[in-house]
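Residues -18 to 392 (the working numbering) are what the sequence shown spells out, left to right.
Where a beta carbon is used, it is the ideal one built from N, C-alpha and C, also for glycine.
These figures come from a predicted structure and were not determined experimentally.
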Amino acid sequence: MLIGGSLRDYFKDTRPYWLTNLAEQLETPTLVRVDINQPLKGDRVPEITLRARVYAYVLQVMAEYAGLVVLAHQGRPGDKDFTGLRSHFAQLRKLLPLDIEVEFIPYRKMYSSETIEKIRKLREKQIILLDNVRMFEEEFSFNPETSTMVSRFRGVVKKCVNDAMPAWHRAHTSLMALPHIAYTYIGMRSVYELKVLSDLVNEDWENCAIVMGGKKLEKLEVLERILRKMEGFTGGIPGQLIARAKGYDLGSRNNAFLEKIASVKQFKAAKRLAELGVHHPIDFTVFENGEAENVPIEKMRHKDGLIVDIGEETVRMYSQLLSKKTFRIRAGPLGIYEKGFLNGVELTKRIMGSGLIFLGGDTSQEALETGIIDQIRDTGGRFLLSGGAFLHGLAGLPYPSVEEILKQKPR
């Protein structure tokens, strides 16, 4: 598959750096970067998410062989979901077995002499979770010469593991710094997700399709690169924006809502995606006067209710076209499944089986909360924690922190 040159197969290129023998490769203390960033409910993380469960298993296995210091983030400064990791600590404590000790260090004490001494004294089956790395300005601009993370941890930490593929599209300090602190491996979960990326990189994209949903149209450069070569389907806000870009009137309330939440840049991007032949829904589920109704797109101009899901005919059309594809990527919910609008879930059931790939936390959480996660996995589907980062690699763009790892001499 070509997009301005051959796509890099990071799965093959990183082979010498995989974490494959925990007893031989890990040493105490090991510094691990994971990604437990999750949608919040109120000011706390949910009791359980797929992402938390996966990383709890990863940390549990690694802690058998080394004391761990864990780096992670939550949200972005200025956003509602930007918080410390104390509730993540409670979440991990519930998920990890009782014989593994877990301690939380708030950000004001992250680099203190007391914390460094605790790290030095770590033992197997002990984990220290450090607070949100994005609370530090240096996280957003990496300089190995001036980095506090590098200067405080180098010489203390014996090995590092980068297992945060969902964040790999960013050149942030907590990712980039690891090889400057100690020899760094790529973690088990990230290797698994790289294998799925490799499967797609080496597939004829005529046999692939992506179904995009969610609450916004983002990662525009990335999507355009992919959709020039891969058939695209939309629901959620992206589907509405593309329908509007093609001139459809979605009713006064929906039109006004889109104008409120979408930027001029997003509308222009939606128009470009429409020109690439990306599919949009041909009908919608509309909630009006306390009732849900299936409405063809041509009749939406007469409706005053809000769109809450893709429509029944869209499910039929999409499933017929997607059934011809070897790989079918789901990225983002297609409707408000939390309120019981499940046409997007019905589409997933129809295209279930080998080759179905779920991307990112929101998409996986939909499958978890609607009870179909085991059905998808048991019939050959795969769930990936990386969403935007996976698409970043699929578009042929580099992973900066992995490039840093590749500069090391393999051991």
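*With respect to the beta strand (DSSP E) encompassing Leu49, which residues constitute its N-terminal and C-terminal limits?*
Leu49 to Leu52
*Three-state secondary structure assigned by DSSP to Ile332*: coil
*asked:* If I measure Cβ to Cβ from Glu5 and keep anything under 6 Å in the same chain, skipping five residues before and after, which residues do I get?
replied: none
*Alpha-carbon spacing of Leu396 relative to Glu293, whole angstroms*: Outside the shown range of the chain (-18 to 392) lies residue 396, about which nothing can therefore be said.
_For a test of the three-state rule: what should DSSP assign to Trp(-1), helix, strand or coil?_
Strand.
*asked:* Tell me the residue span of the beta strand (DSSP E) that contains Thr253.
replied: A small correction: the amino acid at residue 253 is Arg; Thr does not occupy that position in the sequence shown. Run containing Arg253: none in the beta strand (DSSP E); it sits in the alpha helix (DSSP H), Val245 to Glu256.
*Please work out which residues of its chain come closer than 6 Å, Cβ to Cβ, to Ile386, disregarding the five sequence neighbours upstream and downstream, and give them in chain order.*
Excluding positions up to five away in sequence, the list reads Tyr(-2), Pro160 and Thr165.
*How should Pro314 be labelled, buried or exposed, when 16 other C-beta atoms within 10 angstroms of its C-beta is the threshold for buried?*
buried
*Can you tell me the Cα-Cα spacing of Val13 and Asp355, whole angstroms?*
28 Å
*Could you give the DSSP three-state label for Leu103: helix, strand or coil?*
Here DSSP, grouped into helix, strand and coil, assigns Leu103 to coil.
*Is DSSP giving Lys197 helix, strand or coil here?*
In the structure shown, Lys197 sits in coil (DSSP, three-state: anything other than H, G, I, E or B).
*asked:* Taking contact to mean 3 or more Cβ pairs, one atom from each stretch, closer than 8 Å, check whether the stretch 274 to 284 and the stretch 229 to 248 are in contact.
replied: The stretch 274 to 284 vs the stretch 229 to 248: in contact.
*Buried or exposed: where does Pro58 fall if 16 or more other Cβ atoms within 10 Å of its Cβ makes it buried?*
exposed
*asked:* Using a Cβ distance threshold of 8 Å, determine whether the stretch 21 to 30 contacts the stretch 322 to 340, with at least three qualifying pairs required.
replied: no
*What are the start and end residues of the alpha helix (DSSP H) that includes Thr344?*
Gly341 to Glu350
*How far does the alpha helix (DSSP H) with Glu294 in it reach, from first residue to last?*
Glu293 to Leu303
*Lys176: first and last residue of the uninterrupted alpha helix (DSSP H) it sits in*: Met169 to Val182
*Looking at the structure shown, is Arg57 part of a helix, part of a strand, or coil, going by DSSP?*
Arg57 carries a coil assignment under DSSP once its states are collapsed to helix, strand and coil.
*asked:* I need the DSSP call for Ile338, collapsed to helix, strand or coil.
replied: strand
*When you compare each of Gly220, Lys249 and Lys246 to Asn235 by their alpha carbons, which one comes out closest?*
In terms of Cα proximity to Asn235, the closest of Gly220, Lys249 and Lys246 is Gly220.
_Quick check on the DSSP output: the beta strand (DSSP E) that includes Thr215 runs from which residue to which?_
Glu212 to Thr215
*State the beta-bridge partners of Lys140 as determined by DSSP.*
Thr11
_For Phe85, three-class secondary structure by DSSP_ = The DSSP-derived three-state label of Phe85 is strand.
*Span of the alpha helix (DSSP H) holding Ala37?*
Leu31 to Ala44
*If we ignore side chains and look at the alpha-carbon of each, how far apart do Val83 and Gln107 end up?*
6 Å
_I'd like to confirm the pairing. Which residues does DSSP put opposite Phe268 in its beta bridges?_
Phe268 pairs with Ala273 and Leu287.
*Proximity below 9 Å, CB of Thr344 to CB of Ala376*: no
*With a threshold of 16 other CB atoms inside 10 Å of the CB of Leu366, please say whether the residue is buried or exposed.*
buried
*Smallest Cα separation from Gly321: which of Met130, Thr127, Asp16 and Phe268?*
Phe268
*asked:* Beta-carbon within less than 7 Å of Ile81's beta-carbon, same chain only, minus the 5 sequence neighbours each way: which residues are those?
replied: Taken in chain order, the residues that qualify are Gln41, Ala44, Lys106 and Ile108.
*Buried or exposed for Leu(-17), please, with buried defined as at least 16 other CB atoms from any protein chain shown within 10 angstroms of its CB.*
Its pLDDT being 39, under 50, Leu(-17) is placed unreliably by the model, and nothing is read from it.
*By a C-beta neighbour count over all protein chains shown, 10 Å radius and 16 as the cutoff for buried, is Thr1 buried or exposed?*
exposed
*Between which two residues does the beta strand (DSSP E) containing Arg309 stretch?*
Phe308 to Ala312
_For Arg133, tell me which candidate among Ile207, Ala158 and Trp149 has the shortest Cα-Cα distance._
Ala158
*Could you have a look at Pro381 and say whether DSSP puts it in helix, strand or coil?*
helix
*C-alpha distance - Asp(-10) paired with Leu178, whole-angstrom precision*: CA-to-CA, the gap between Asp(-10) and Leu178 works out to about 8 Å.
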